[in-house]
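Residue numbers for the sequence shown, in mature numbering (1 follows the signal peptide of the UniProt record, and there is no 0): -22 to -1, 1 to 357.
Taking it in order: structure first as C-alpha cells, then the write-up.
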Amino acid sequence: MLFKTKFIPLAIALAFAGSAGAQEVIKIGHVAPVSGPSAHLGKDNENGAKMAVEELNAKGIKIGGKPVKFVLVLEDDGGDPKQGTAVAQKLVDAKVNGVIGHLNSGTTIPASKIYFDAGIPEISPATTQTKYTQQGFNSVFRVVANDAKLGGTLGSYAVGKMGVKKIAVIDDRTAYGQGVAEEFIKGAKKAMPGVQIVGKEFTTDKATDFNAILTTIKGKNPDLIFFGGMDSVGGPLLRQMKALGIQAKYMGGDGLCTESLPKLAGADAVKVVTCAEAGGVPPELQKNMDDFHARYKKKYNMDVQLYAPYVYDSVMTMAAAMQAANSAEPAKYLPFLQKIKYQGVTGLIEFDPKGDIKDGSLTLYNYNNGTKTITSVIK
C-alpha cells in the first residue's frame, strides 16, 4: 500500500502535464515604441494588447478542437525604422502566428515587407501612411483610416468650417508626418483652390528648439499652423509658438491628438488646437468605447492615451479569423482575415482588398479647459 501511495501524486502530476501539453500556444507579436519620445503611446498600445490576450485566455477558446493559449511576444522598435526591421526579423525567427503593430508609419512600412516575405499577417492599429497598404502585400491590414482621409478631411475642415485662408505647414520629416501634411495640403487646396500655403517648414522627430522656423512663420502671419508629427514634438512646438506670441490656430492629425498634449504644450496653449483621431464611433456605439475606457482605467490606473482600443480590437480580430479558420497557421487563417467582419469596441472591422478598413471614421477634437473633447465623428 505504501508503495502505491508514494506514486499517486506522480501519476496525478503526469496527468496534468499531459493535459497542459495538449494546449496549443499561439504567439502574437506586438511591436510599439516603449522607449523614446513616443513611449507613452507605445505603452498604451501594449496595454491594449495585454487586455485582449488576457480576456481571450479567460474564455478558454478552442481552435481546431484543441484548447489554446495566446501568448504575447512584446518588442520595442523605439520609433526607429532600423530597430523596427530588426525586431520584425526577431518575431519572424520566433515563428509568431501574427503581428499587431507597429505604431509609427516609418517603422511599420519597412517591417511589413519582412512579415509579408515570411507569410505572417500584420494588423496595424495606428499606421496611417497611405503607402502601407499600397505595396501589393496581401497580408497587411489596418483598423484606422489612412492619411488620404485623415489629412484630406482636416484640410477640407480647416478652410470650409474654420474659415482659414492663410496656412503654414510644419512636418517632422517622418513617413507619417510628411504623409499627413501632404494630404492636408491637398485637401485644403481641393476644398478652396485659392487658399494660401504661406510657408512649408520642417523639423525632426527629436527636435526641441523651434525658434528659427517659428520666427519665419510669424512673419507670414498665418491663420493656422498645421503640424505633421507626434505629440512629443508637436506639444513643445505649440508651447514655443505661444511664447513667441503667434496667434494662429493649430491643427494636427492623430499623432498630435493625445491626452498628453496639454501637459506637453500647456493647458492654456491647447485652446487653439483642432485635431483628428483616425478612428471613432458614432453616438449609438459610444457606450462600447466608454466601457473599454473604464475597464482600461480600472486595470492600469490611467486613461487611454490614444490607440489602446484599436490594438485591443486588432488582437480580437486576428483571433476571430483564427477561430473561423479552425487554425492559427498564417496561411490558413489569412483568407478568413481578408474577409472578416468583426464587431469591435471601435466599430465594425472589415477590410477592403488592399487591407484598409472599410468606411473608416475620423473623430475631430478640441481641448476645453485642458481636456480633450469630441467635436464630431466623420465617416
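Every residue gets a Cβ at the ideal spot worked out from N, C-alpha and C, and that includes glycine.
Close Cβ partners of residue i (< 7 angstroms) along its chain, the five nearest in sequence each way excluded
i: D337; result: K357
i: K167; result: V173
i: L69; result: G7, V51, E53, V77
i: A245; result: G348
i: K196; result: L222, I224
i: F188; result: T181, L215, Q218
i: L132; result: F162, G165, M229, G231, A254
i: N344; result: V251, T252, T351, T353
Residues near residue i by beta carbon distance below 6 angstroms, same chain, minus five either side
i: M170; result: V137
i: P59; result: G84, T85, P88
i: I328; result: The question names Ile, but residue 328 in the sequence shown is Glu. Within the same chain, E328 has close Cβ partners K319, K336.
i: P45; result: Q1
i: S102; result: T86, R120
i: Y311; result: A299, M300, A303, S305
i: residue 418; result: Here the chain has residues from -22 to 357 only, and residue 418 is not among them.
i: K144; result: Q174, V176, P200, D201
i: G227; result: Before going on, a small fix: residue 227 reads as Lys here, not Gly. Excluding residues within five positions, the ones whose Cβ falls inside 6 angstroms are L202, V250.
i: K220; result: A247
i: M267; result: V259, V323
i: A159; result: V147, D149, G206
i: V293; result: A27, A30, I78
Range of the contiguous alpha helix (DSSP H) that encloses residue i
i: K350; result: Where K350 is concerned, there is no enclosing alpha helix (DSSP H), although the beta strand (DSSP E) it sits in stretches over 349 to 356.
i: G206; result: Counting along the chain, G206 falls outside any alpha helix (DSSP H), though it belongs to the beta strand (DSSP E) covering 202 to 206.
i: G213; result: 209 to 221
i: P59; result: 59 to 71
i: K44; result: No alpha helix (DSSP H) holds K44; the beta strand (DSSP E) holding it covers 44 to 54.
i: I327; result: Per DSSP, I327 belongs to no alpha helix (DSSP H); it is in the beta strand (DSSP E), 325 to 327.
i: Q316; result: 308 to 316
i: K196; result: 189 to 196
Exposed unless 16 or more other CB atoms sit within 10 angstroms - verdict on residue i
i: E161; result: buried
i: G84; result: buried
i: Q113; result: exposed
i: L222; result: exposed
i: N347; result: exposed
i: M296; result: buried
i: S354; result: exposed
i: E32; result: exposed
i: E307; result: exposed
i: V122; result: buried
i: A153; result: buried
i: Q67; result: exposed
i: V3; result: exposed
i: T186; result: exposed
i: G43; result: exposed
i: N279; result: exposed
i: D22; result: buried
i: P331; result: exposed
i: N291; result: Per the sequence shown, residue 291 should be read as Asp rather than Asn. It is buried - the Cβ of D291 has at least 16 other Cβ atoms within 10 Å.
i: N25; result: buried
i: D201; result: buried
i: A27; result: buried
i: A243; result: buried
i: V49; result: exposed
For residue i, the first and last residue of its enclosing beta strand (DSSP E)
i: E24; result: Unbroken run through E24 is the alpha helix (DSSP H), 17 to 36; no beta strand (DSSP E).
i: Y320; result: 320 to 322
i: Y93; result: Note, Y93: premise wrong, no beta strand (DSSP E); alpha helix (DSSP H) at 83 to 96.
i: K5; result: 2 to 10
i: Y343; result: 340 to 346
i: I78; result: 76 to 78
i: I101; result: 100 to 102
8 angstroms Cβ shell around residue i - same chain, five flanking residues per side excluded
i: N124; result: T106, Q107, T108, Y110, T111, A256, D334, G338
i: G130; result: E161, F162, K164, G165, K168
i: D281; result: E237, H271, Y274, K275
i: F(-20); result: Note that F(-20) scores a pLDDT of 37, beneath 50, so its modelled location is shaky; the value from the coordinates is reported in the next line. Cβ neighbours of F(-20) beyond the five flanking positions: none.
i: I92; result: T63, A66, Q67, V70
i: A309; result: G97
i: A72; result: K5, G7, V51
Any non-hydrogen atom of the ligand FAD closer than 8 angstroms to residue i Cβ
i: D246; result: Judged by which ligands are present, the structure shown has none, so any question about the ligand FAD falls away.
Report the start-end ranges of each beta strand (DSSP E) in the stretch 115 to 185 that is 3 residues or longer and not cut off at the edges. 118 to 120, 144 to 149, 174 to 180
Stretch-stretch touch, CB-based, cutoff 8 angstroms, three pairs: the stretch 5 to 19 with the stretch 284 to 297: By the C-beta criterion, the stretch 5 to 19 is judged to be in contact with the stretch 284 to 297, since at least 3 inter-stretch pairs fall below 8 angstroms.
Whole alpha helix (DSSP H) runs in the stretch 225 to 297 with 4 or more residues, listed along the chain? 239 to 243, 264 to 278
Contact between the stretch 308 to 326 and the stretch 259 to 273 is defined here as three or more beta-carbon pairs at a separation below 8 angstroms; is this criterion met? yes
Three Cβ pairs or more, each shorter than 8 angstroms: is that satisfied between the stretch 200 to 218 and the stretch 145 to 162? Per the Cβ contact rule, the stretch 200 to 218 is in contact with the stretch 145 to 162 (3 or more Cβ pairs under 8 angstroms).
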